[in-house]
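In order, the protein sequence lines correspond to chains G and Y.
For the first sequence, the numbering used here gives the first residue as 1, with consecutive numbering after it.
For the second sequence, the numbering used here gives the first residue as 358, with consecutive numbering after it.
Built from N, CA and C at the ideal position, the CB exists for glycine as well.
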Amino acid sequence: MFYRIAGVYHTRYDKARALWPVPADRWQITVVVIFALAAPFLLSDLYLGSYALPWLIWSAATLSLTLLMGLAGQLHFGFAAVMAIGAYTSIHLARFGVPFEFALLGAGIASAAIGALFGAAALRVKGLYLVMATLAMQYLVDWVINNVPAISGGAQATLRTPPSSFLLISLESLEVRYYLALAWAVLLAIFFMNVKRTSFGRALVAIRDKDFAAAVIGIDPFRYKLLAFFTSSFVGGVTGALLAFCYYRAVTPEQFGFNVSIQLVAMVLVGGLGSIIGGFLGAGFVLLIPIILTNLVSGLAASGFLTVSSNLLAHLPLMIYGALIIGFLVFEPLGLAKIYDNIRKYFLVWPFRHSRS
Amino acid sequence: MMTLATSSSQPVLVCDNVSRWFQGVHALKNVSVSINSGEIFGLVGPNGSGKTTLVNAVTGFYPPQEGSIHFKGEKINGLKPHRIAERGIARTFQNVALFRGMSVLDNILLGRHIYMNPNPLASLFYWWWAKKEENKHRHKVEEVIDLLQLESVRDEHVDTIPLGLQKRVELARALSAEPQLLVLDEPMAGMNQEEKEYMVRFILDAQKALDLSVLIIEHHMDVVTAICDRILVLNNGSRIAEGPALEAIADPQVVEAYLGKARNAA
Numbered sequence: 001m002f003y004r005i006a007g008v009y010h011t012r013y014d015k016a017r018a019l020w021p022v023p024a025d026r027w028q029i030t031v032v033v034i035f036a037l038a039a040p041f042l043l044s045d046l047y048l049g050s051y052a053l054p055w056l057i058w059s060a061a062t063l064s065l066t067l068l069m070g071l072a073g074q075l076h077f078g079f080a081a082v083m084a085i086g087a088y089t090s091i092h093l094a095r096f097g098v099p100f101e102f103a104l105l106g107a108g109i110a111s112a113a114i115g116a117l118f119g120a121a122a123l124r125v126k127g128l129y130l131v132m133a134t135l136a137m138q139y140l141v142d143w144v145i146n147n148v149p150a151i152s153g154g155a156q157a158t159l160r161t162p163p164s165s166f167l168l169i170s171l172e173s174l175e176v177r178y179y180l181a182l183a184w185a186v187l188l189a190i191f192f193m194n195v196k197r198t199s200f201g202r203a204l205v206a207i208r209d210k211d212f213a214a215a216v217i218g219i220d221p222f223r224y225k226l227l228a229f230f231t232s233s234f235v236g237g238v239t240g241a242l243l244a245f246c247y248y249r250a251v252t253p254e255q256f257g258f259n260v261s262i263q264l265v266a267m268v269l270v271g272g273l274g275s276i277i278g279g280f281l282g283a284g285f286v287l288l289i290p291i292i293l294t295n296l297v298s299g300l301a302a303s304g305f306l307t308v309s310s311n312l313l314a315h316l317p318l319m320i321y322g323a324l325i326i327g328f329l330v331f332e333p334l335g336l337a338k339i340y341d342n343i344r345k346y347f348l349v350w351p352f353r354h355s356r357s
Numbered sequence: 358m359m360t361l362a363t364s365s366s367q368p369v370l371v372c373d374n375v376s377r378w379f380q381g382v383h384a385l386k387n388v389s390v391s392i393n394s395g396e397i398f399g400l401v402g403p404n405g406s407g408k409t410t411l412v413n414a415v416t417g418f419y420p421p422q423e424g425s426i427h428f429k430g431e432k433i434n435g436l437k438p439h440r441i442a443e444r445g446i447a448r449t450f451q452n453v454a455l456f457r458g459m460s461v462l463d464n465i466l467l468g469r470h471i472y473m474n475p476n477p478l479a480s481l482f483y484w485w486w487a488k489k490e491e492n493k494h495r496h497k498v499e500e501v502i503d504l505l506q507l508e509s510v511r512d513e514h515v516d517t518i519p520l521g522l523q524k525r526v527e528l529a530r531a532l533s534a535e536p537q538l539l540v541l542d543e544p545m546a547g548m549n550q551e552e553k554e555y556m557v558r559f560i561l562d563a564q565k566a567l568d569l570s571v572l573i574i575e576h577h578m579d580v581v582t583a584i585c586d587r588i589l590v591l592n593n594g595s596r597i598a599e600g601p602a603l604e605a606i607a608d609p610q611v612v613e614a615y616l617g618k619a620r621n622a623a
């Protein structure tokens with residue numbers, strides 16, 4: 001109970017590569033999964049629909065982006081555009097009468113194809129230049145969506161998602177949409193963990209860390225960078241489609257603007273590059289902290305603890321939020337995931353003081 | 358230039374009149390060299406003499422502008438580095454080039470890359486698809502870990518272990534690719550005497566166990582004379598001596614290149 005890694009040893013190679021070799025971690029995961037499954041019964045519709053559901057979908061989006069930025073080390077500042085392609089593809093397919101399951105697949109394929117196409121062009125440059133090239137993708141996709149009525153449905157139009165069902169279960173009820181989002185987030189998390197422990201993930205990390213050393217052991221840097229763009233865009237496209245169908249239930253161009261791309265990058269960085277738990281924590285932080293701060297500040301003001309002008313009252317949550325992001329990144333540049341990791345390691349060896357690494 | 362006709366075994370690597378310029382700098386001048394199968398071949402010379410440039414020409418980083426390089430009878434100059442790696446040439450770097458974000462084990466597993474089929478779907482269906490392959494290659498990697506005595510640091514992060522061990526991990530990564538030609542760029546730079554002796558032992562063990570040909574750049578002359586079958590001495594990009602180690606370093610031109618002429622002595 002106390003010294004949690006006591007007695008954890010391996011006799012087979014696949015046991016050593018298990019996802020959670022430490023029993024304490026397995027218990028923790030079980031508890032989290034039980035809570036996630038029970039959430040529709042524990043939370044009111046308001047909290048389920050406007051906090052838990054978007055958190056899961058944005059976590060999935062963060063995981064999609066961190067596959068590219070964290071594992072493969074390729075910066076992408078136009079990821080909202082990738083999700084937009086997925087959302088618009090799925091909604092047009094669904095309105096055309098394609099079953100929702102296939103619309104999701106189509107969304108992934110369309111995003112992956114266009115994302116990898118831009119990737120192939122962008123990958124001739126590295127670092128900050130890649131940022132510029134991916135920004136260009138954001139603006140190009142935005143422009144095309146806004147100016148082609150066949151896609152956007154006309155200027156300033158909103159496309160509503162048609163009534164649809166997943167595996168014969170109607171998506172009308174909030175609970176079903178929540179469970180669909182949960183299933184996707186869990187599937188992505190499992191995919192991500194498996195990528196990290198297989199040759200595909202190692203090849204991506206190799207091109208991130210030293211691409212010349214990767215080439216000398218037989219990894220084609222361009223091929224794997226492109227594969228990273230393709231995979232990340234595929235899951236990003238499906239996530240965009242789920243965002244449209246499960247959360248917004250409509251698509252407008254503003255949902256996938258440049259500011260959303262920046263917000264996604266913030267989620268990845270605040271959570272911790274290349275980390276799964278960081279994906280969930282980062283999305284939660286960027287999404288929920290502003291809401292919580294706003295409620296907190298207005299609550300304090302209403303009860304008389306805080307007497308400031310209404311003008312400052314509107315800006316105070318934003319100021320605290322900015323300070324929190326800076327504070328977290330100064331305190332631990334590797335993000336919330338590293339903070340979690342430090343705490344976990346402390347308790348793994350407790351009551352002894354020092355953990356390795 | 359081919360002076361090796363008397364050699365009994367087959368040459369594994371043949372460089373013929375290799376030249377390389379970096380803008381105005383003529384870094385390699387018509388260098389020809391032939392390395393026989395199973396041989397440890399030393400490449401020595403003062404700093405800036407073109408040793409690393411020759412190695413980079415062989416491994417495809419700076420393909421030569423003139424001349425040709427044949428590996429096992431096949432022309433390899435002009436191929437991309439990862440294609441050359443697939444053909445059976447592995448190398449280590451002068452400054453350790455390990456992947457810092459990974460454990461020792463993952464670094465060595467990456468050496469198996471050319472034998473694996475990495476793809477996202479295999480990772481997604483890990484339990485039915487990738488797991489078997491991972492375990493198969495883990496067995497191979499454990500053999501290399503055993504050979505180089507890296508068991509104790511297997512699960513450490515590479516940037517937390519000492520430099521001597523990092524160099525050994527890099528050697529392990531190269532060896533796990535089961536190359537026919539192993540290129541070592543100053544494997545003993547920055548090591549103390551004990552680490553050097555270990556490294557020499559590991560290189561000899563690995564060469565025997567895997568039937569390797571080795572091309573080694575090294576500045577420690579004790580090491581060079583102890584393990585190299587033949588050496589090539591470069592100075593300012595051209596060949597000044599070639600042959601058995603002790604004979605080659607006794608060549609007056611080599612002495613001059615390293616120590617200067619008698620009249621220049623203070």
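Item checked: Validate contact between the segment 102-110 of chain G and the segment 121-131 of chain G using beta carbons, cut 8 Å, 3 pairs -> no
Exercise. Output the distance between the C-alpha atoms of F347(G) and F230(G), rounded to the nearest integer angstrom.
Key: 39 Å
- prompt: How is the beta strand (DSSP E) around W301(Y) delimited, first residue to last?
  reply: A question about residue 301(Y) goes unanswered here, because the residues of chain Y that appear run from 358 up to 623.
In the DSSP assignment, find the unbroken alpha helix (DSSP H) run with H10(G) in it and report its ends. Unbroken run through H10(G): none, as it is neither H nor E.
Report the residue ranges of all alpha helix (DSSP H) runs contained in full by the segment 159-245 of chain G; include only those spanning at least 4 residues, in chain order. 174-196, 199-209, 211-216, 221-242
So is K524(Y) buried or exposed if we call it buried at 16+ other beta carbons inside 10 Å?
buried
> How would you list, in chain order, the residues of chain G whose beta-carbon sits under 7 Å from the beta-carbon of T416(Y)?
Replying inline: V216
Presumed contact (8 Å Cβ cut-off) between V453(Y) and L589(Y), rounded CB distance
The Cβ separation is near 25 Å, so there is no contact.
Run through DSSP, which three-state label would A362(Y) get? Any reading at A362(Y) is ruled out, since the residue's pLDDT is 43, under 50, leaving its predicted position unreliable.
In whole angstroms, what separates the C-alpha of V235(G) from that of L478(Y)?
12 Å
Item to check | Reduced DSSP secondary structure (H/G/I, E/B, other) of L273(G) | outcome: coil
So the candidates are A80(G), F305(G), N146(G), G106(G); which of them puts its Cα closest to the Cα of T134(G)? A80(G)
Assuming A337(G) and G271(G) make a contact with CB atoms under 8 Å, what is their CB distance in whole Å?
6 Å
Q: Output, in chain order, the set of chain G residues within a Cβ distance shorter than 8 Å of I471(Y).
A: I217, G218
(message) Can you check whether the C-beta of T360(Y) is within less than 8 Å of a C-beta belonging to chain G?
(response) Any reading at T360(Y) must be qualified, since the residue scores a pLDDT of 43, below 50, and its modelled position is unreliable; no value is offered.
- Touch check for the segment 494-510 of chain Y and the segment 23-35 of chain G: three-plus C-beta pairs under 8 Å? no
Exercise. Residues in its own chain within less than 7 Å of H76(G) by CB, not counting five upstream and five downstream?
Worked result: L65, L68, M69, T134
#### Entry: Per-residue contacts from K386(Y) into chain G (C-beta, under 7 Å)
The premise fails here: K386(Y) is roughly 25 Å from chain G at the closest Cβ pair, so nothing lies under 7 Å.
task = Determine whether the Cβ of S364(Y) lies closer than 8 Å to any Cβ atom of chain G.
result = Here the model assigns S364(Y) a pLDDT of 46, short of 50, so the residue's position is not dependable and the matter cannot be decided.
Starting from the beta carbon of A206(G), find every residue of chain Y whose beta carbon is closer than 7 Å, and list them in chain order.
-> F456, L467
>> How far does the alpha helix (DSSP H) with E613(Y) in it extend, from its first residue to its last?
In response: 609-616
Taking CB distances under 8 Å as the criterion, tell me whether S480(Y) reaches chain G. yes
| request: Please say whether M83(G) and T239(G) have beta carbons closer to each other than 8 Å? | output: yes
Contact between the segment 28-37 of chain G and the segment 246-253 of chain G is defined here as three or more beta-carbon pairs at a separation below 8 Å; is this criterion met? no
| request: Flag K210(G) as yes if its beta-carbon sits less than 8 Å from any beta-carbon of chain Y, otherwise no. | output: yes
For a minimum of 3 consecutive residues, which ranges assigned as the beta strand (DSSP E) are wholly contained in the segment 541-586 of chain Y?
570-574
- [ ] Reducing DSSP to helix, strand and coil, say where R440(Y) ends up.
- [x] helix
task: Mind listing the chain Y neighbours of G201(G)? Cutoff is C-beta to C-beta under 7 Å, in chain order.
output: S480
- Starting from A442(Y), find everything on chain G with Cβ-Cβ shorter than 9 Å and list it in chain order. A215, V216, I217, G218, I219
* **Boundaries of the beta strand (DSSP E) in which F77(G) is found, first to last residue** => Element bounds for F77(G): n/a, residue is neither H nor E.
Identity of the residues DSSP links to L505(Y) by a beta bridge: DSSP, once it has assigned bridges, lists no residue as partnering L505(Y).
Counting only Cβ pairs nearer than 9 Å, list the residues of chain Y close to Y340(G). Within chain Y, no residue comes near Y340(G); the closest Cβ sits about 18 Å away, beyond 9 Å.
With a threshold of 8 Å between beta carbons, is R525(Y) in contact with chain G?
no
Report the residues of the segment 171-198 of chain G with a CB closer than 7 Å to any CB of chain Y, ordered along the chain. F191, N194, V195, T198
- Task: Could you work out which residue in L334(G), T307(G), I289(G), K225(G) is closest to G119(G) when comparing CA atoms only?
- Result: K225(G)
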